[in-house]
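Protein sequences appear in the order of chains A and B.
For the first sequence, position 42 matches number 42 in this note's numbering, and the numbering has no gaps at all.
For the second sequence, position 145 matches number 145 in this note's numbering, and the numbering has no gaps at all.
Report on one structure; see the data block that follows.
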Amino acid sequence: MRMTDDILPGRTLSPALLGAHLQIALRNILRHRRRSLLTVAAVAFSVFCLIVFQALMGGLHQKMMESALSLDTGVIQVHAAGFARNQTRLLPLPTPKAITIAFKAAGITNFAPRLKAPALIIAGRHSSSVYLSGIDPAQEASVTLIRQKIVRGTYQLAPGQVLISKGLADALDLNINDSMTLMVQSFFGQTRTDRFTVTGLFATGLDSFDQSRVYLSLATAQTLLDAEDSISEVAAACPPAQAAKLAGHLQQYLPTAAYQVMTWQELVPDLAQLMELNDATFRLLIIILFAIVAMGIANTMTTVIFERFREFGTLTALGATPGGIVSLVMTESLLLGLFAALAGSLTGFGACVYLARYGIDLTHFTSANQYFVVGSVLKAVLTPGDLILANTITLATAATAGLYPAWKASRLNPVKALSHV
Amino acid sequence: MSDATKSQITLRGVTRVYRTNSHQVQAVAGVDLTMHQGEFVCLAGPSGSGKSTLLHLIGTLDQPSSGTIHFGGRDISGLSRSASALFRRTAVGFVFQTFNLIPVLTAFENVEYVLLLQGIGAAERNKRVTMMLDAVGLAELAQRRITDLSGGQQQRVAVARALIGNPSLVLADEPTGNLDSATGESIIALLRRLNEERGTTVLYSSHDPRIIAWADRLILLQDGKIFEDHRQTKVE
């Protein structure tokens with residue numbers, strides 16, 4: 001009669017046996033302090049990098065959105081149906097009051113009506129093509145940062161007054177209280193000109209924006225363009241993550257036949273694409289970083305197996321099954337990963353707290369662009385999800401890295417293992 | 001009833017050949033052997049005669065190239081890794097020349113590990129390990145790390161570990177080979193005593209005449225074959 005597996009008892013790994021393996025693994029890690037410390041330090045550094053980079057990436061995305069969206073776009077915009085970016089034709093919204101009601105119903109309190117049109121600014125013998133924005137200064141301030149970017153004069157826009165950028169003023173040789181002429185095509189297709197006084201200068205730091213914007217009050221713009229009570233756009237500020245949800249709410253009140261509700265992802269698709277590209281690049285970096293981590297742990301565990309051939313042979317002789325040997329090696333690998341995850345998380349969290357407060361000043365590393373209009377100090381934004389992800393990846397890497405050495409140990413020839421010197 | 005079923009261990013035509021790139025070595029060559037429960041048997045012979053290989057084959061650490069090995073009437077010569085591990089866990093205890101204890105564990109924990117493998121509860125484990133360490137004279141040193149024990153004390157722990165699971169067979173490969181003569185004799189005396197008290201079959205290898213003399217039965221190996229197998233008579 002051949003003895004088979006089914007007549008033999010005790011195949012499973014009891015909790016007490018797993019506890020003993022945990023104890024053996026822990027003591028072995030402590031026994032080889034220097035090696036364990038080096039392995040844990042290397043993995044912990046990777047966890048630290050992952051957490052900090054992730055938080056800085058979060059901060060970068062937040063700053064990019066904050067800057068790009070608070071410059072002019074806002075998070076949500078409503079236009080008349082048929083609107084297309086960069087079109088020159090004035091396309092007024094059908095019933096502006098309906099939009100106000102819709103915004104209030106959707107719980108959006110920060111929104112700004114605008115009347116936009118292309119124009120020519122003429123100052124003496126200089127002229128320049130610009131984009132005219134008729135705004136309600138108070139409401140505009142709740143959506144964009146133009147008020148904060150005033151560098152000379154005031155943000156007030158009385159009838160006959162305009163805000164232009166300092167860059168444009170320099171190019172046109174204009175200063176505060178100087179007069180200039182705006183030429184536009186009215187709503188009815190007629191050319192209109194009028195004289196205005198420069199009441200304030202702004203500077204966002206983004207030349208392409210600064211050179212092309214002229215702000216005047218909504219009422220003044222309506223008069224200039226022969227568009228009484230008309231607006232061409234409403235921009236709203238709200239958390240970017242809620243854009244799609246809130247846009248959905250608005251669409252319930254604003255029929256698509258007459259209105260076009262657009263989120264920031266549709267308005268500035270290059271920003272969403274850039275963030276997606278950042279995320280993809282970061283994921284690639286994570287894979288490379290943790291492939292190195294996995295190799296580090298696998299190397300340590302392979303050394304551990306080599307040094308303890310005889311011990312694994314002995315355990316096999318005592319009746320440890322291949323599964324039992326795997327559990328012992330995996331426990332040690334996971335413990336290394338756990339210690340590294342704890343150390344990396346603590347130091348990473350500390351660094352993120354510091355970077356969230358003081359940030360990194362990128363003034364000398366970046367040129368002026370639309371993503372750093374708010375400021376060039378990059379601050380860390382760490383979420384609980386980032387910490388959980390970093391620790392999950394670390395433990396999964398430790399487990400994966402331990403698999404091969406564990407499998408090798410479980411397949412050792414016990415006779416050779418017992419005679420290993 | 002066949003000879004294979006009434007005896008504890010039966011080997012029939014067991015051969016173990018090791019192959020290398022250039023040649024092959026026959027470590028065990030057609031061995032026929034029968035052992036009964038409670039025997040105290042010594043395998044003797046020069047180095048390379050096949051003593052260790054035969055112990056490994058009987059203990060299922062290795063498998064014969066040909067022939068069969070029966071244990072308690074069951075064929076154990078072709079078990080899978082897991083099945084042979086489970087067989088050793090319950091039926092066989094090992095004592096090695098170099099002790100082979102787990103260095104990070106205490107004496108108590110080393111002995112206890114076998115009972116953990118067997119799934120014995122904590123209270124029963126404590127009771128049995130304490131009694132076993134007492135039986136080998138190490139009750140006072142139970143909580144010492146292995147590295148803090150002398151060679152003789154370590155081998156006593158190994159003997160306790162080999163017997164704690166109540167195996168019906170203990171295989172000891174040169175159990176006194178790394179010990180001075182007095183300590184070596186104390187270890188073989190301990191094995192002998194436990195063999196008499198528990199009825200455990202003990203098969204050990206040695207080439208030390210003083211240690212060989214303790215056996216009831218002597219099997220002499222040469223070139224992988226048994227050329228002498230006889231009962232020893234003690235001359236007082």
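No residue lacks a Cβ here, since even glycine has one placed at the ideal position from N, Cα and C.
Report the rounded CA-to-CA distance for Ile-29 of chain A versus Ala-20 of chain A, giving the unit in angstroms.
Near 14 Å, if we compare the C-alpha coordinates of Ala-20 of chain A and Ile-29 of chain A.
Can you list the residues of chain A that Ser-66 of chain B reaches, using a CB-CB cut of under 7 Å?
Going along chain A, no residue has its Cβ under 7 Å from Ser-66 of chain B, so there is no contact; the nearest lies around 16 Å.
Taking the alpha carbon of Asp-72 of chain A as the point to measure from, which residue in A:Cys-49, A:Ala-294 and A:Lys-149 has its own alpha carbon closest?
Ranking A:Cys-49, A:Ala-294 and A:Lys-149 by Cα distance to Asp-72 of chain A puts A:Lys-149 first.
Nearest chain A C-beta to Ala-135 of chain B closer than 8 Å, yes or no?
No - not a single Cβ of chain A is within 8 Å of the one on Ala-135 of chain B.
Hey, out of A:Glu-233, A:Arg-31 and A:Ala-280, whose CA is closest to Leu-90 of chain A's CA?
For the residues A:Glu-233, A:Arg-31 and A:Ala-280, the minimum Cα distance to Leu-90 of chain A belongs to A:Glu-233.
If we require 4 or more residues per run, which alpha helix (DSSP H) segments fall completely within the stretch 40-114 of chain B?
Complete alpha helix (DSSP H) runs here, min 4: 51-58 and 81-91.
Tell me whether Ser-345 of chain A is buried or exposed, calling it buried when 16 or more other Cβ atoms sit within 10 Å of its Cβ.
It counts as buried.
Counting along the chain, where does the beta strand (DSSP E) carrying His-249 of chain A start and finish?
Segment 243-253 is the alpha helix (DSSP H) holding His-249 of chain A; no beta strand (DSSP E) there.
Looking only at its chain, what residues have a beta carbon closer than 8 Å to the beta carbon of Ala-356 of chain A, apart from the 5 residues adjacent to it on each side?
Taken in chain order, the residues that qualify are Ala-55, Gly-59, Lys-379, Ala-380, Val-381 and Leu-382.
Quick one: residues in its chain with C-beta nearer than 8 Å to the C-beta of Gln-154 of chain B, no 5 flanking neighbours on either side, listed in chain order?
Only Phe-99, Leu-101 and Ile-146 meet the Cβ criterion.
Assuming Val-415 of chain A and Leu-61 of chain B make a contact with CB atoms under 8 Å, what is their CB distance in whole Å?
Indeed, because the Cβ distance is near 5 Å, the residues count as touching under 8 Å.
Could you list which residues in chain A have their beta carbon closer than 8 Å to that of Leu-247 of chain B, in chain order?
Absent from the model: residue 247 of chain B. The displayed extent of chain B is 1 to 236, so no value can be given.
Counting only C-beta atoms, is Leu-194 of chain B closer than 8 Å to chain A at any point?
It does not: the Cβ of Leu-194 of chain B has no partner Cβ on chain A nearer than 8 Å.
What is the rounded straight-line gap between the Cα of Thr-15 of chain B and the Cα of Ala-398 of chain A?
Their backbone Cα atoms lie some 43 Å apart in a straight line.
Contact defined as beta carbons within less than 8 Å: I believe Arg-88 of chain B pairs with Gly-48 of chain B. What is the distance between those atoms, to the nearest angstrom?
Actually they do not touch by this definition, with Cβ atoms about 25 Å apart.
Between A:Pro-96, A:Leu-172 and A:Ile-108, which lies nearest to Val-75 of chain A when the distance is taken from Cα to Cα?
Residue A:Ile-108 is the option with its Cα nearest to Val-75 of chain A.
Could you name the residues of the same chain whose beta carbon sits closer than 8 Å to that of Gln-37 of chain B, not counting the 5 residues immediately before and after it, in chain order?
Answer for Gln-37 of chain B: Gln-8, Ser-168, Gly-199 and Thr-201, listed in chain order.
Under a three-way DSSP split, which group does Ser-208 of chain A fall into?
Three-state DSSP puts Ser-208 of chain A in a helix.
Taking the beta strand (DSSP E) that Gly-30 of chain B falls in, what are its first and last residues?
Note, Gly-30 of chain B: beta strand (DSSP E), 24-35.
Taking the alpha-carbon of Tyr-259 of chain A as reference, which of A:Ala-80, A:Ala-406 and A:Val-304 has the nearest alpha-carbon?
The option with the nearest alpha carbon to Tyr-259 of chain A is A:Ala-80.
For the beta strand (DSSP E) that Thr-233 of chain B lies in, which residues bound it at each end?
Thr-233 of chain B -> no beta strand (DSSP E), and no H or E assigned at all.
I'd like to know whether the C-beta of Arg-31 of chain A is nearer than 8 Å to at least one C-beta of chain B.
Cβ-Cβ to chain B under 8 Å: yes for Arg-31 of chain A.
When you compare only the Cα positions, how much space is there between Thr-181 of chain A and Pro-269 of chain A?
Near 35 Å, if we compare the C-alpha coordinates of Pro-269 of chain A and Thr-181 of chain A.
Please go through the same chain and pick out, in chain order, the residues whose beta-carbon is closer than 8 Å to the beta-carbon of Thr-90 of chain B, but skip the five residues on each side of it.
For Thr-90 of chain B, where only same-chain residues beyond five positions count, the Cβ hits under 8 Å are Gln-118, Gly-165 and Pro-167.
Roughly how many angstroms lie between the CA atoms of Ile-286 of chain A and Asp-386 of chain A, to the nearest whole one?
Using only the alpha carbons, I get a separation of about 13 Å.
With three or more C-beta pairs closer than 8 Å as the rule, is the stretch 221-229 of chain A touching the stretch 29-48 of chain A?
No: fewer than three Cβ pairs fall under 8 Å.
Name, please, each residue of chain B whose Cβ falls closer than 7 Å to the Cβ of Glu-311 of chain A.
Ordered by position in chain B, the residues that pass the 7 Å Cβ test against Glu-311 of chain A are Ile-102.
Taking Pro-414 of chain A as the query, report the chain B residues whose CB atoms sit under 7 Å from its CB, ordered along the chain.
Within chain B, the residues near Pro-414 of chain A are Leu-61.
When you compare the stretch 204-215 of chain A with the stretch 161-181 of chain A, are there three or more beta-carbon pairs, one atom per stretch, that lie closer than 8 Å?
Because the criterion of three Cβ pairs below 8 Å is met, the stretch 204-215 of chain A and the stretch 161-181 of chain A touch.
Taking the beta strand (DSSP E) that Glu-233 of chain A falls in, what are its first and last residues?
Unbroken beta strand (DSSP E) run through Glu-233 of chain A: 233-236.
Judging by CA-CA distance, which residue of A:Ser-410, A:Asp-194 and A:Val-40 is the nearest neighbour of Arg-310 of chain A?
Comparing Cα-Cα distances from Arg-310 of chain A to each of A:Ser-410, A:Asp-194 and A:Val-40, the minimum goes to A:Ser-410.
Tell me whether Ile-76 of chain A sits in a helix, a strand or coil according to DSSP, three-state version.
Three-state result, Ile-76 of chain A: strand.
Can you list, in chain order, the stretches of the beta strand (DSSP E) that have 3 or more residues and sit fully within the stretch 167-206 of chain A?
For the stretch 167-206 of chain A, whole beta strand (DSSP E) runs of length 3 or above, ordered along the chain, are 179-185 and 191-202.
Considering only C-alpha positions, which residue in the set A:Asp-136, A:Phe-290, A:Ala-169 and A:Phe-188 is nearest to Ser-179 of chain A?
Nearest of A:Asp-136, A:Phe-290, A:Ala-169 and A:Phe-188 to Ser-179 of chain A, Cα basis: A:Ala-169.
Quick one: is Asn-28 of chain A near chain B, going by C-beta distance under 8 Å?
True, the Cβ-Cβ gap to chain B drops below 8 Å.
Applying the 10 Å Cβ sphere with the 16-neighbour rule, what's the burial state of Phe-306 of chain A?
Phe-306 of chain A should be labelled exposed.
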